[in-house]
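Before any comments, here is the structure.
2 protein chains.
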Amino acid sequence: MAKPAHTSYSEDPKIDALVDETIARVADKWTLLLIEALEEAGPRRFSALGRDVEGISQKMLTQTLRQMEREGLVARTVFPEVPPRVEYELTGLGHELAEAFCGVWTWAEKNIGRIEAARAAYDERNS
Amino acid sequence: MAKPAHTSYSEDPKIDALVDETIARVADKWTLLLIEALEEAGPRRFSALGRDVEGISQKMLTQTLRQMEREGLVARTVFPEVPPRVEYELTGLGHELAEAFCGVWTWAEKNIGRIEAARAAYDERNS
DNA sequence: CTGAATCCTACCTGATACTG
DNA sequence: CAGTATCAGGTAGGATTCAG
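The listed protein sequences correspond, in order, to chains A and B. Our numbering puts the first residue of the first sequence at -11, with every later residue one more than the last. Our numbering puts the first residue of the second sequence at -11, with every later residue one more than the last.
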């Protein structure tokens, strides 16, 4: 079968693997929600993010932010004050990813109804 | 701060939560790779998918396909033959999701270099 | 306030064996 | 071929405590 026009898969399986790995790292729940929060609110400090992202534990907040910083998605700025203040914001790369994810977001928002219906139908069939 | 124009977040926090949940369910590694495989190859049978998606166990293949079927992303067709043949293919909803993810895919493919560089820089700073 | 360190649980996942 | 059932190991993630 011919490759659909809107896919953009590399011919190189090694690149494919790298891309898969990259997406896997970037497409986890907390990363997604943090990108969302940062995209919406702009530069934001640690505790504020903890409040923005409902249900996130301090551990996962720290861990995910570190990971995102390492991937180049967020910039971390420490202000030498007392008490300490640390701000996080999306980098250019982070913003671009947020835009890329926008399509998925829109899709989910638009299709909640269809998904719920599909689930109900499935559960009905298998009850 | 004003809401960026390209975000499409609902005003309703309840919808937001639903969308987050939906994305979380749909954005896992194997689901992503299966969408990719199915989008590329069209209708495909169980064992073929197992070969397409490198590293997936039979258990996760079954589990992920069931989940996707429940969410309405894939259709499952059983052919009453001997030996049994079962084919999976993306539904309309599934195809739309694949297209939505296309942006993320493109982003990842385009920015592997920047990510690797960011990671190297981070590791350098923290060594 | 911003984290790091520890402990502990639950689930994710792979391997293996078995069925229609 | 297309699964299901079971078991064991690793890991993600939460709660708690402590520190700069």
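Cβ atoms here follow ideal geometry from the backbone N, Cα and C, with glycine treated the same way. As the structure is a computational prediction, the values presented were derived from the model and not from experiment.
B:Lys98 versus A:Leu6: straight-line alpha-carbon distance, rounded: 11 Å
Euclidean distance between Cα positions of A:Arg113 and B:Gly43: 31 Å
Contact between the region 6 to 16 of chain B and the region 20 to 40 of chain A (3+ Cβ pairs under 8 Å): yes
Contacts of B:Arg107 in chain A (Cβ-Cβ under 8 Å): Arg58, Glu59, Gly60
Option nearest B:Arg102 by Cα separation, candidates A:Arg32, A:Asp4, A:Glu84: Proximity to B:Arg102 across A:Arg32, A:Asp4, A:Glu84 peaks at A:Glu84, based on C-alpha coordinates.
Identity of the residue in A:Ala88, A:Glu75, A:Val92 nearest B:Leu81 by Cα: A:Val92
Selection from B:Asp0, B:Ser115, B:Asp111, B:Val14 that minimises the alpha carbon distance to B:Val62: B:Val14
Status (buried if at least 16 other CB within 10 Å, exposed otherwise) for B:Thr123: Because chain B is modelled from -11 through 115, residue 123 of chain B falls outside the range shown and cannot be assessed.
N- and C-terminal bounds of the alpha helix (DSSP H) containing A:Leu61: It is not in any alpha helix (DSSP H) - A:Leu61 carries neither H nor E in the DSSP assignment.
Residue-chain proximity (B:Ala15, chain A), Cβ-Cβ < 7 Å: yes
Chain B contact for A:Ala(-7) (CB, 7 Å cutoff): For A:Ala(-7), the predicted model reports a pLDDT of 37, less than 50, meaning its position is unreliable and no value from the coordinates is stated.
Among A:Pro31, A:Leu37, A:Tyr110, A:Trp95, nearest to A:Thr79 - alpha-carbon criterion: A:Pro31
Residue-chain proximity (A:Val66, chain B), Cβ-Cβ < 7 Å: no
Below-7 Å beta-carbon distance, B:Arg39 vs any chain A residue: No, no contact with chain A.
Spatial distance of A:Ala25 from A:Leu37 (CA atoms): Cα to Cα, A:Ala25 sits roughly 7 Å from A:Leu37.
Test item: CB-CB of A:Ala108 and B:Gly60 under 7 Å: no
Member of B:Ser45, B:Val41, B:Gln55 whose CA lies at the smallest distance from the CA of A:Glu104: B:Gln55
Neighbourhood of A:Thr52 by C-beta distance below 7 Å, restricted to the same chain and skipping five residues each side: Trp18, Thr19, Leu22
Within-7 Å CB hit, A:Val7 to chain B: yes
Min CB distance B:Arg33 to chain A below 7 Å: Judged by the 7 Å Cβ criterion, B:Arg33 is not in contact with chain A.
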